[in-house]
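J.: Numbering (the numbering used here), first residue to last: 2 to 718.
The C-beta atom is built at its ideal place from N, Cα and C for all residues, glycine as well.
Below: one structure in structure tokens.
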């Protein structure tokens, strides 16, 4: 029966993977029709459900409650999905102000009647304080005398129907998503609850394979896891530049320290946040106050050998004046990404030079709404003469002080500018705690040296730990020798540092930083560090293995965005469920990465295979459980946010594939590795480690393949 279940999973995985490829080539509708909604795929899933029921009966799982709950939950989840497909209804409706509407259009085009009428009283676009960037969309409605508001993460329920804020049009009409699936959701959620309960019982039941492994565990503390040299151009003194960096600016839709914009500006031009020992604020200040000198500075990084040759460059960097000389070249080929990038950098410098980016002057309009302006922007007619002169003359006065070299007075001007901002826009300027957190974050994340250093140290210690012979009399305990203590300290320090970065981004942004590739890879690195510190007492080689993995994660984080800017988060993405979903899944992925490295070590050093097999099995139980729970949390969040708990998006599909792939190693007869005196055959052990080393490919496709190639609503790209 176990072999039958495994054989059924193989075609399921193949079909699911094929579905994501079909979606990439032909679109989501084609994949939904030809694959996910086809009779043969539904029959295949039904066969999986029948096999689970047969397994429950044949193996008398009522004697093992946790197994009964897990297998039973699979049946209910499959049944719930079928009921949602056959009895559920999803569509959308457009509401015009003051006009009653009692129907909606299903995804297939059919019009369905509602048992009640909805009237749109008012539609409102709520912007972030101090900017025009939309923060939320709110529909104020009336339903047969009842008043209600629908917005992001705030749904309206009535008579089994759920209404979600989806969009709006140029005429101010609101577009709502409509979902009606009371039976399918109830059955599916029951399956989710049973699965979580079964997983908990598995860790607690003394008869489970996990507990048998734990009795002779190599990793007794694993349960804690749950829980070119040239003269530099002129610029501002470092102290003065620091004062300038404290001034607030409206940047990318939010108010933040000018230091943040300076860091992004320098990184965009040069590829690094520092330049020849200068801080980002000094670089920005140089372009503002010493433009003619900086226009001849080779600070602009150009990619592409052909473009460099056309620009007459010797190295990787060129000057603004050289780009200005070749403006015709940069304007004639817009489909070349390297030329486009060079044009963007030239335009960015010009926007700084003419102050367009320096929106540092908050001014309230006649209604009291605060907007931020630059020196050359058109100011509201209601502005008083003093404010008008201040905005128009402020930077010119700063330029005069720079020419005189009176930087002490300039420091005072910058301080008074910040005081003016706090007086004019106290309600939208971040608190001192958030400002200080963001400034410290900007200071601590100014380069890629950390990731490179950790990778190099990881390679050295991994090789040293793998191939060095143990000393005679070595008791293999914590801090027993150099190859354990140094990696452990490095892992601990790196974990603490990344936790600090995580907290600083959270404070500065006002939300958990989990919305992109950079943040998720940082979270995975932290999870790896915590896991390692939990298991190092019984597995001294863990820090060396983890250091290499953490370094790789940090390199990927750098490639994912190189410390992307802190931004506002849409309400739908600021849900605690999303935060929990990302955290749980990143911990699972970290454990899978750890399992892969342990298996590679076992393949390179055969004497480690039995011990690493026990370690990996103990890692896989919580890893698979966390991935399953993470998928469930994501499904619940999606259902709350837009009324559909499963949409066959490539990220969802590949997460499911990863779950199936990692379930297989747990089907091995683990009694032999539980310490009962027998041994697993060498061939089975070898196959186990080869499989675990290759299984990480499913995680790689889930994370990188979907984000960078397959796309979908969950993609970071």
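Distance check for residue 530 and residue 403, CA to CA, integer angstroms please.
T.: In the chain shown, residue 403 corresponds to position 402, counting from 1. In the chain shown, residue 530 corresponds to position 529, counting from 1. One C-alpha to the other measures close to 48 Å.
J.: Which one of 51, 363, 44 has the shortest CA to CA distance from residue 381?
T.: Taking the chain shown and counting its residues from 1, the one referred to as residue 381 is at position 380. Nearest C-alpha to residue 381: 363.
J.: Can you tell me whether residue 463 is buried or exposed? The criterion is at least 16 other CB atoms within 10 Å of its CB, across all chains shown.
T.: Taking the chain shown and counting its residues from 1, one reaches residue 463 at position 462. Burial call: buried.
J.: Could you name the residues that DSSP lists as bridge partners for residue 302?
T.: Numbered from 1 along the chain shown, position 301 holds the residue referred to as residue 302. Note: residue 302 sits in a beta bridge opposite 318.
J.: Which residue marks the beginning of the beta strand (DSSP E) containing residue 96, and which one marks its end?
T.: In the chain shown, residue 96 corresponds to position 95, counting from 1. It spans 90-96 - the beta strand (DSSP E) in which residue 96 sits, taken as one unbroken run.
J.: If you draw a straight line from the alpha carbon of residue 536 to that of residue 543, how long is it in whole angstroms?
T.: In the chain shown, residue 536 corresponds to position 535, counting from 1. In the chain shown, residue 543 corresponds to position 542, counting from 1. Straight-line Cα distance between these residues: approximately 7 Å.
J.: Going by other Cβ atoms of all chains shown within 10 Å of its Cβ, with 16 needed for buried, is residue 250 buried or exposed?
T.: Numbered from 1 along the chain shown, position 249 holds the residue referred to as residue 250. The residue is buried, with at least 16 neighbouring Cβ atoms inside 10 Å.
J.: Under DSSP, the alpha helix (DSSP H) around residue 41 begins and ends at which residues?
T.: To locate residue 41, count along the chain shown from 1; it is residue 40. From DSSP, the alpha helix (DSSP H) with residue 41 extends over 40-59.
J.: With distances taken from CA atoms, which of 445, 123, 423, 93 is nearest residue 501?
T.: Here residue 501 corresponds to residue number 500 of the chain shown, with the count starting at 1. Taking only the C-alpha atoms, the option nearest residue 501 is 445.
J.: For the region 188-201 against the region 96-115, do three or more pairs of beta-carbon atoms, one drawn from each stretch, fall closer than 8 Å, so that the two count as touching?
T.: With the cut-off at 8 Å, the region 188-201 and the region 96-115 do not touch.
J.: Do residue 195 and residue 74 have their CB atoms nearer than 8 Å?
T.: Within the chain shown, the letter at position 194 stands for residue 195. Within the chain shown, the letter at position 73 stands for residue 74. Cβ atoms of residue 195 and residue 74: closer than 8 Å.
J.: Apart from the five residues on each side of it in sequence, which residues of its chain come closer than 6 Å, Cβ to Cβ, to residue 377?
T.: Position 376 of the chain shown, counted from the start, is the residue given in the question as residue 377. Cβ within range, chain order: 356.
J.: Below 8 Å, how does it come out for the region 410-428 and the region 382-399: are there three or more Cβ pairs, yes or no?
T.: Counting Cβ pairs under 8 Å, three or more are found: they touch.
J.: Is the beta carbon of residue 459 less than 8 Å from the beta carbon of residue 548?
T.: As a position in the chain shown, residue 459 is number 458, starting the count at 1. As a position in the chain shown, residue 548 is number 547, starting the count at 1. In this structure, residue 548 lies closer than 8 Å to residue 459 by Cβ.
J.: In the DSSP assignment, find the alpha helix (DSSP H) that holds residue 655 and state where it starts and stops.
T.: Mapped onto the chain shown, residue 655 falls at position 654. Looking at the DSSP string, the run of the alpha helix (DSSP H) that includes residue 655 is 651-664.
J.: So what does DSSP say about residue 418, is it helix, strand or coil?
T.: Against the chain shown, residue 418 aligns to sequence position 417. DSSP places residue 418 in helix when its eight states are reduced to three.
J.: Of all the options 283, 343, 293, which has the alpha carbon lying nearest to the alpha carbon of residue 312?
T.: Within the chain shown, numbered from 1, the residue matching residue 312 stands at position 311. The shortest C-alpha separation from residue 312 is found at 343.
J.: Is residue 54 buried or exposed, if buried means 16 or more other CB atoms sit within 10 Å of its CB?
T.: On the chain shown, position 53 is the one that residue 54 refers to. When all chains shown are included, residue 54 counts as exposed.
J.: If you draw a straight line from the alpha carbon of residue 66 to that of residue 14, how long is it in whole angstroms?
T.: By one-based count along the chain shown, residue 66 stands at place 65. By one-based count along the chain shown, residue 14 stands at place 13. Cα to Cα, residue 66 sits roughly 28 Å from residue 14.
J.: Just to confirm, is the Cβ distance from residue 278 to residue 237 under 8 Å?
T.: Taking the chain shown and counting its residues from 1, the one referred to as residue 278 is at position 277. Taking the chain shown and counting its residues from 1, the one referred to as residue 237 is at position 236. Taking 8 Å as the Cβ cut-off, residue 278 and residue 237 do not qualify as a contacting pair.
J.: Using the beta-carbon count (16 or more within 10 Å), is residue 626 buried or exposed?
T.: The residue you call residue 626 lines up with position 625 of the chain shown. By the neighbour-count rule (16 or more Cβ atoms within 10 Å), residue 626 is buried.
J.: For residue 68, which of helix, strand or coil comes out of DSSP?
T.: In the chain shown, residue 68 corresponds to position 67, counting from 1. Correct three-state label for residue 68: helix.
J.: Out of 509, 170, 173, 305, which one is the CA nearest neighbour of residue 339?
T.: The residue labelled residue 339 in the question sits at position 338 within the chain shown. When each option's Cα is compared against that of residue 339, the closest is 305.
J.: By alpha-carbon positions, which one of 51, 104, 101 ends up nearest to residue 78?
T.: Translated into positions along the chain shown, residue 78 becomes position 77. Answer by Cα proximity: 51.
J.: Note down, in chain order, each residue of its chain lying with its Cβ closer than 6 Å to the Cβ of residue 81, except the 5 sequence neighbours on either side.
T.: Locating residue 81 in the chain shown gives position 80, counting from the first residue. Counting only Cβ-Cβ distances below 6 Å, and skipping sequence neighbours, we find 185, 188, 189, 192.
J.: Which one of 139, 593, 266 has the shortest CA to CA distance from residue 253?
T.: Here residue 253 is taken as the residue at index 252 of the chain shown, counted from 1. With distances taken between Cα atoms, residue 253 lies closest to 266.
J.: Alpha carbon to alpha carbon, how far is residue 274 from residue 284?
T.: As a working mapping, residue 274 is identified with position 273 in the chain shown. As a working mapping, residue 284 is identified with position 283 in the chain shown. Rounded to the nearest angstrom, the two C-alpha atoms are 9 Å apart.
J.: Which whole-angstrom value describes the C-beta separation of residue 115 and residue 104, a residue pair presumed to lie in contact below a C-beta threshold of 8 Å?
T.: Reading the chain shown from its first residue, position 114 is the one you call residue 115. Reading the chain shown from its first residue, position 103 is the one you call residue 104. Going by Cβ atoms, the distance from residue 115 to residue 104 rounds to 6 Å, so yes, they are a contact pair.
J.: Below 8 Å on the Cβ atoms is my guess for residue 371 versus residue 461; work out the distance and round it to an integer in Å.
T.: Locating residue 371 in the chain shown gives position 370, counting from the first residue. Locating residue 461 in the chain shown gives position 460, counting from the first residue. Incorrect: roughly 54 Å between the Cβ atoms, too far for contact.
J.: Where DSSP assigns a beta bridge to residue 141, which residues make up the other side?
T.: By 1-based counting over the chain shown, the position of residue 141 is 140. Residue 141 pairs with 123, 150.
J.: Roughly how many angstroms separate the alpha carbons of residue 644 and residue 454, rounded to a whole number?
T.: Counted from its first residue, the chain shown places residue 644 at position 643. Counted from its first residue, the chain shown places residue 454 at position 453. Each residue's alpha carbon lies about 45 Å from the other.
J.: Return the chain-ordered list of same chain residues with a C-beta closer than 8 Å to the C-beta of residue 308, the five sequence neighbours on each side being excluded.
T.: The residue given as residue 308 occupies position 307 in the chain shown. Taken in chain order, the residues that qualify are 337, 339, 340, 343.
J.: Whole angstroms is fine: what's the gap from residue 280's alpha carbon to residue 234's?
T.: By 1-based counting over the chain shown, the position of residue 280 is 279. By 1-based counting over the chain shown, the position of residue 234 is 233. Rounded to the nearest angstrom, the two C-alpha atoms are 13 Å apart.
J.: Short check: CB of residue 91 to CB of residue 197, under 8 Å?
T.: Taking the first residue of the chain shown as position 1, residue 91 is located at position 90. Taking the first residue of the chain shown as position 1, residue 197 is located at position 196. Not in contact: residue 91 and residue 197 (Cβ atoms no closer than 8 Å).
J.: Could you tell me the distance, in whole angstroms, from the CA atom of residue 142 to the CA atom of residue 108?
T.: Locating residue 142 in the chain shown gives position 141, counting from the first residue. Locating residue 108 in the chain shown gives position 107, counting from the first residue. Spanning the two alpha carbons is a distance of roughly 23 Å.
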